[in-house]
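Number of protein chains: 2
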Amino acid sequence: MPLLNEGTVSGAMEPLTERQSEILRLIRELTEASGFPPTRAEIARSMGFRSVNAAEQHLRALEKKGVLDISSGASRGIRIRDRSGARLGRLMELAVIGRVAAGSPMLAEEHVQGRFQIDPNLFAPRADYLLRVRGMSMRDAGILEGDLLAVHRSGEARSGQIVVARVGDEVTVKRLRRRGHSVQLLPENPDFAPIEVDLRRDSLVIEGIGVGVIRNGKSL
Amino acid sequence: MPLLNEGTVSGAMEPLTERQSEILRLIRELTEASGFPPTRAEIARSMGFRSVNAAEQHLRALEKKGVLDISSGASRGIRIRDRSGARLGRLMELAVIGRVAAGSPMLAEEHVQGRFQIDPNLFAPRADYLLRVRGMSMRDAGILEGDLLAVHRSGEARSGQIVVARVGDEVTVKRLRRRGHSVQLLPENPDFAPIEVDLRRDSLVIEGIGVGVIRNGKSL
DNA sequence: CCCGATACTGAATATAATGCCACTGCTGAA
DNA sequence: TTCAGCAGTGGCATTATATTCAGTATCGGG
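Chain order of the listed sequences is H and D.
Each residue of the first sequence is one higher than the one before, counting from 2 in this note's numbering.
Each residue of the second sequence is one higher than the one before, counting from 2 in this note's numbering.
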């Protein structure tokens with residue numbers, strides 16, 4: 002049982018046409034200027050279109066090419082997907098992952114509570130996403146309820162590391178300890194019991210390694 | 002001795018009520034999460050209001066107090082006015098402060114160990130610098146040796162907040178408790194003793210308020 | 001020559017969202 | 001007591017917006 006994860010990342014981005022780049026640039030500018038994304042009508046007006054549908058079609062194209070997300074039905078529901086390579090500065094936008102539904106992959110959009118720009122040099126190895134921690138089972142490791150655990154996506158972990166693991170249907174943060182055929186997931190709080198996993202019988206998927214903690218709430 | 006620092010903040014902003022602060026925080030969160038500001042209905046739903054007008058009234062109040070701009074007629078036309086003006090781009094570069102020499106100011110260049118780019122939306126109120134924590138006196142608050150404490154520069158603090166204080170020659174991180182003429186600086190670790198400061202005799206300077214924690218080292 | 005992609009015009013429609021009015025209840029200051 | 005500010009409920013007219021449908025035109029393959 003190789004403690005392996007599936008892995009999969011999004012693919013290449015189709016090139017934009019000249020016009021589509023213009024639209025994208027315009028959306029950036031208008032969003033920056035006003036604090037919120039433009040409507041179809043505003044795009045059309047700025048571009049000189051006499052039909053809002055021209056803007057609509059462009060948005061569809063941009064969404065299909067993966068540079069935009071459009072929230073259906075929501076007014077101004079445009080979000081520019083800032084792919085890491087695109088930016089001038091070398092900062093990443095990390096997703097904040099909340100409650101993870103059983104069976105579905107970690108980074109599914111439905112789990113994303115928000116995004117934060119993080120200096121990649123802050124964590125080593127590189128953090129791939131932030132997981133909102135629930136419960137106090139890692140209290141004595143200084144990881145409290147509501148904290149954001151910076152997670153490095155990796156299917157393998159060494160004994161002693163803090164891992165994000167999937168045991169059965171549950172996603173949990175614990176310290177990993179290997180013991181031959183079995184693996185222990187140790188809480189850092191005497192009020193909680195260790196989880197014993199026999200790899201010959203139970204499934205264990207390592208989702209990643211904890212590489213940092215960010216606490217920003219009122220839990221402070 | 003009025004617990005005051007030189008610090009000083011910019012233009013007078015009327016204080017927000019508890020509820021209004023909640024609304025503001027919510028708007029920040031929703032905007033961060035979705036990429037665009039919420040509608041009145043979304044605010045009402047998130048807050049549990051049964052009337053969208055409750056949200057409308059709060060927005061009016063927040064606008065009147067100068068923390069918001071509302072674009073009349075535009076859907077989702079909410080812009081949070083960033084006080085302090087400091088924010089030029091979308092992210093700031095915060096200094097990491099190490100050992101602070103007695104008597105010299107916090108942000109003196111000699112104390113700067115490095116700088117990290119941080120999303121200003123990560124902490125509220127705004128973090129002004131990061132302080133490398135020494136010692137385990139705040140262990141039970143989840144602040145460990147080597148952690149970076151995000152500090153909001155402020156000469157005033159409320160009872161119960163975690164503060165960076167200068168007592169005599171020492172800079173220390175503790176939880177503040179006011180007791181009439183005296184102030185207690187409470188550790189969050191039974192192995193350490195509280196510090197009692199009599200304001201009529203001893204000097205106490207609040208350097209700032211702890212607004213967040215970042216842990217990135219191998220302490221994890 | 002037809003097809004699909006790009007790039008639009010123009011109009012129609014359902015609904016999302018703002019903005020306003022009337023009203024309740026509380027609190028603290030004048 | 002009265003009054004202003006705060007915190008809501010509920011309803012409603014008017015816009016604002018998204019989204020779809022029906023076209024026109026150009027371009028580069030296959």
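The C-beta atom is built at its ideal place from N, Cα and C for all residues, glycine as well.
These figures come from a predicted structure and were not determined experimentally.
Nearer than 8 Å: is that true of the beta carbon of residue i relative to any heavy atom of the ligand FMN?
i, result
"D:V172", "Because no ligand of any kind appears in the structure shown, any question about the ligand FMN cannot be addressed here."
Taking the C-alpha atoms as reference points, what is the distance between residue i and residue j?
i, j, result
"H:D120", "H:L200", "37 Å"
"H:G209", "H:R178", "15 Å"
"D:E197", "D:A158", "16 Å"
"D:P16", "D:H59", "14 Å"
"D:E244", "H:S47", "Summary: the structure shown does not reach residue 244 of chain D, with chain D confined to residues 2 through 221, and so no result is reported for it."
"H:S204", "H:I163", "18 Å"
"D:G213", "H:E33", "27 Å"
"D:Q114", "D:R167", "20 Å"
"H:D192", "H:L145", "14 Å"
"D:I215", "H:A151", "10 Å"
"D:I81", "D:L186", "35 Å"
"D:S73", "D:I44", "17 Å"
"D:M14", "D:A55", "Reliability of the predicted coordinates at D:M14 is poor, the pLDDT of 49 falling under 50, and no value is obtained from them."
"H:L131", "H:R116", "9 Å"
"H:V174", "H:G99", "13 Å"
"H:G143", "D:M139", "10 Å"
"H:E181", "H:P195", "The amino acid at residue 181 of chain H is misidentified as Glu; the sequence shows Gly. The straight-line gap from Cα to Cα measures roughly 16 Å."
"H:V68", "H:A75", "18 Å"
"D:L95", "H:L149", "19 Å"
"H:T18", "D:L63", "42 Å"
"D:G211", "D:R26", "18 Å"
"H:N122", "H:R29", "26 Å"
"D:I141", "H:R61", "It should be noted that the sequence gives Asp, not Ile, for residue 141 of chain D. Their Cα atoms are separated by approximately 51 Å."
Check whether the Cβ of residue i lies closer than 9 Å to any Cβ atom in chain H.
i, result
"D:I268", "Missing from the structure shown is residue 268 of chain D; chain D here goes from 2 to 221 and no further."
"D:S76", "yes"
"D:F37", "yes"
"D:I196", "no"
"D:G209", "no"
"D:L17", "no"
"D:R143", "The displayed chain sequence assigns Gly, not Arg, to residue 143 of chain D. It does; some Cβ of chain H falls within 9 Å."
"D:R100", "no"
"D:V212", "yes"
Compare the C-beta of residue i with all C-beta atoms of chain D and state if any pair is closer than 9 Å.
i, result
"H:S72", "yes"
"H:F124", "yes"
"H:V53", "no"
"H:I215", "yes"
"H:T40", "yes"
"H:Q21", "no"
"H:V114", "In the sequence under discussion, the amino acid at residue 114 of chain H is Gln, which differs from the Val named in the question. H:Q114 counts as touching chain D."
"H:A166", "no"
"H:R127", "no"
"H:E44", "The sequence shown places Ile at residue 44 of chain H, rather than the Glu named in the question. H:I44 does not count as touching chain D."
"H:I24", "no"
"H:A56", "no"
What does DSSP give as the partner residue(s) for residue i in the beta ladder?
i, result
"H:H153", "H:I210"
"H:Q114", "None; H:Q114 has no bridge partner."
"H:K175", "H:V164"
"H:E94", "H:Q118"
"D:R80", "D:D70"
"H:E197", "H:Q185"
Three-state secondary structure (DSSP) at residue i?
i, result
"H:V184", "strand"
"H:D120", "coil"
"H:L69", "strand"
"H:R133", "strand"
"H:I144", "coil"
"H:L60", "helix"
"H:R216", "strand"
"D:R202", "coil"
"D:E33", "helix"
"H:A45", "helix"
"D:S22", "helix"
"D:P16", "coil"
"D:N190", "coil"
"D:L221", "coil"
"D:A158", "coil"
"H:A55", "helix"
Could you check whether the segment 117-133 of chain D touches the segment 153-169 of chain D, counting it as contact only if at least three pairs of C-beta atoms, one from each stretch, sit closer than 8 Å? yes
If you pair each beta-carbon of the segment 27-47 of chain D with each one of the segment 128-137 of chain D, do three or more pairs fall below 8 Å? Output reads no: the segment 128-137 of chain D does not touch the segment 27-47 of chain D.
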